Amino acid sequence: MVVTSRDVARLAGVSQPTVSRALRDDIRVSEQTKQRVREAAQLLGYIPSEAGRALSSGRTRRIGMLLTDLDSQFYSHIIAPVHRELERLGYQLMLHTETADNDTIVERLLANGLDGVILATTTIDSAAPLRLRDRGLPFVYFNRTGSLVDADATVVDAAPGYREAVRAAVDLGHRNVAAVLGPSNTSTAQHREQALRAALGEHGIVLDERLVRRVPYSSAAGEIAARELLESAGEPAPTLVFCGNDVVAYGALNAAHRLGLRVPDDLSVVGFDDLPEAAWPIIDLATVGFDIAGMASASANLVVRRIERPGDELERAVFASSFHLRRTLGPAR
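First residue of the sequence shown: 1, per the UniProt record's numbering; consecutive thereafter.
Spelled out as structure tokens, the structure:
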């Protein structure tokens, strides 16, 4: 026999609507009554219907996270902290994966009855934020931001981490520097390149455009670009390669190995993100990092706040970066 809210109401000695309000933590219900209803529900093994809640509140309490960069290892590390924070706030995480940011994405998001969306792989020119705004679906940017619509966002300030990394590299004698950066249609790649060039400029180092490649954030793309760059660089050859993220850096390490270059004896490599794998002894990647889990949790809080308090001012949560010196950065040869 299925236990209903009416059964809970009879046991608690309240009306059925009071049961619904009490289990939603409605401020119109006293704490004493809420406790009595919760105890009755627990005793009877009552599980509130999500569909019923949605009908009564006008919300599904489901938050979507949109990922289009399905091969990136970075995003596997943000799903768990976002899920945990949304669960704490009484929401469910619904993962939406697409192979491209196209015209059908927003319609699919809307069709799933979401209360809000976390955009995790937005490109600068994406129209999805514009369509979400026009359809009235709250959203926040995670890590990457779009240029067409301003919205709540969690982003990384790459400048302090790059200043530390470049200072460490200069102290080790590096002057001939190359870079395998991220795709130019992402805000992360643009910001990181600006921060890197500024940090190098403080030491009188100019990043030669001949020694720069811009590629998708993947190890395969990183390996191809790094190998082509190193083979065509000429003399003096670069002694250090800065990479757009750790995944690209893994590819650069593979390229160095295939070319017979020892890291860091012949070539140093620096990444960005400080993924957990970067600290593995077999990789031990020098990298610029930030609080990935904290930023993921912040994005969950921002989207819930936007849903529950739509009139609040937009918030941009900025996370500082720092440099982690490891084996792949050594003295210049």
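Backbone N, C-alpha and C define an ideal beta-carbon position, used for all residues, glycine too. Computed from a predicted model, the values in this text were never measured in an experiment.
(request) Have a look at 62, 268 and 106 and flag the residue whose alpha-carbon is nearest the alpha-carbon of residue 180. (result) Walking along the sequence shown from the start, residue 180 turns up at place 180. The option with the nearest alpha carbon to residue 180 is 268.
(request) Using 10 angstroms around the beta-carbon of residue 8, count the other beta-carbons present and answer buried if the total reaches 16, otherwise exposed. (result) Within the sequence shown, numbered from 1, the residue matching residue 8 stands at position 8. Residue environment: residue 8 is assigned as buried (16 or more neighbouring CB atoms within 10 Å of its CB, all protein chains considered).
(message) Could you compute how far the alpha carbon of residue 146 sits from the alpha carbon of residue 168?
(response) If you number the sequence shown from 1, residue 146 lands on position 146. If you number the sequence shown from 1, residue 168 lands on position 168. Taking the straight line joining both Cα atoms gives about 33 Å.
(message) Assuming residue 140 and residue 302 are in contact, meaning their beta carbons sit under 8 Å apart, how far apart are those beta carbons, in whole angstroms?
(response) Counting from one through the sequence shown, the residue named residue 140 turns up at place 140. Counting from one through the sequence shown, the residue named residue 302 turns up at place 302. 5 Å between Cβ atoms; contact.
(request) Determine the extent of the alpha helix (DSSP H) in which residue 296 is found, giving its start and end residues. (result) Taking the sequence shown and counting its residues from 1, one reaches residue 296 at position 296. If you look at residue 296, you'll find it in the alpha helix (DSSP H) that goes 292-308.
(request) Could you check the C-alpha separation between residue 235 and residue 259 for me, to the nearest Å? (result) As a working note, residue 235 is residue 235 in the sequence shown. As a working note, residue 259 is residue 259 in the sequence shown. Cα-Cα distance, rounded: 16 Å.
(request) Tell me whether residue 92 sits in a helix, a strand or coil according to DSSP, three-state version. (result) What you label residue 92 is simply residue 92 of the sequence shown in a count that begins at 1. Here DSSP, grouped into helix, strand and coil, assigns residue 92 to strand.
(message) So residue 178 and residue 263 are supposed to be a Cβ contact under 8 Å. How far apart are they, rounded?
(response) The residue you call residue 178 lines up with position 178 of the sequence shown. The residue you call residue 263 lines up with position 263 of the sequence shown. Their Cβ separation, rounded to whole angstroms, is 14 Å, which puts residue 178 and residue 263 out of contact at 8 Å.
(message) Is it the case that the region 288-305 contacts the region 104-123, given that we only count it when at least three CB pairs across the two stretches are under 8 Å?
(response) Because the criterion of three Cβ pairs below 8 Å is met, the region 104-123 and the region 288-305 touch.
(message) Please return the same chain residues whose Cβ sits closer than 8 Å to the Cβ of residue 218, not counting the five positions on each side in sequence.
(response) Here residue 218 refers to the residue found at position 218 of the sequence shown. So the qualifying residues of the chain are 71, 72, 247, 248 and 251.
(request) Just the C-alpha distance for residue 65 and residue 80, rounded to the nearest angstrom, thanks. (result) For the purposes of this step, residue 65 is taken as the residue at position 65 of the sequence shown. For the purposes of this step, residue 80 is taken as the residue at position 80 of the sequence shown. Looking at the two C-alpha atoms, the distance is approximately 12 Å.
(request) Would you mind listing the alpha helix (DSSP H) stretches within the region 171-253 that are 4+ residues and don't spill past its ends, in chain order? (result) Runs found: 187-201 and 219-232.
(request) Find out if the Cβ-Cβ distance for the pair residue 151, residue 183 is shorter than 8 Å. (result) Counting from one through the sequence shown, the residue named residue 151 turns up at place 151. Counting from one through the sequence shown, the residue named residue 183 turns up at place 183. Against a cut-off of 8 Å, the Cβ pair of residue 183 and residue 151 comes out as no contact.
(message) Tell me whether the region 191-201 and the region 223-231 touch, counting them as touching only if at least three CB pairs, one residue from each stretch, are closer than 8 Å.
(response) The region 191-201 makes no contact with the region 223-231: fewer than 3 CB pairs, one atom from each, lie closer than 8 Å.
(request) Kindly indicate which three-state DSSP category residue 9 falls into: helix, strand or coil? (result) To locate residue 9, count along the sequence shown from 1; it is residue 9. In the structure shown, residue 9 sits in a helix (DSSP, three-state: H, G or I).
(request) Using beta-carbon positions only, say whether residue 33 and residue 124 come within less than 8 Å of one another. (result) Stepping through the sequence shown from its first residue, residue 33 is reached at position 33. Stepping through the sequence shown from its first residue, residue 124 is reached at position 124. Not closer than 8 Å, so no.
(request) Could you pull out every residue in the same chain whose Cβ sits closer than 6 Å to the Cβ of residue 154, ignoring the five residues on either side in sequence? (result) As a first step, residue 154 is located in the sequence shown; it is residue number 154 there, counting from the start. Result list for residue 154: 142, 295, 298, 299 and 317, in chain order.
(request) Look at residue 215 and residue 221 and say whether their C-beta atoms are less than 8 Å apart. (result) Taking the first residue of the sequence shown as 1, we reach residue 215 at position 215. Taking the first residue of the sequence shown as 1, we reach residue 221 at position 221. Residue 221 sits close to residue 215, with the two beta carbons spaced by under 8 Å.
(message) In the DSSP assignment, the alpha helix (DSSP H) including residue 106 goes from what residue to what residue?
(response) As a position in the sequence shown, residue 106 is number 106, starting the count at 1. According to the DSSP assignment, residue 106 belongs to the alpha helix (DSSP H) that extends over 105-111.
(request) Let me know the secondary structure DSSP gives residue 79 once reduced to three states. (result) Residue numbering aside, residue 79 sits at position 79 when the sequence shown is read from its first letter. In the three-state reduction of the DSSP assignment, residue 79 falls in the helix class.
(message) Considering only DSSP beta bridges, list what residue 141 is partnered with.
(response) Residue numbering aside, residue 141 sits at position 141 when the sequence shown is read from its first letter. Beta-bridge pairing links residue 141 to 119 and 153.
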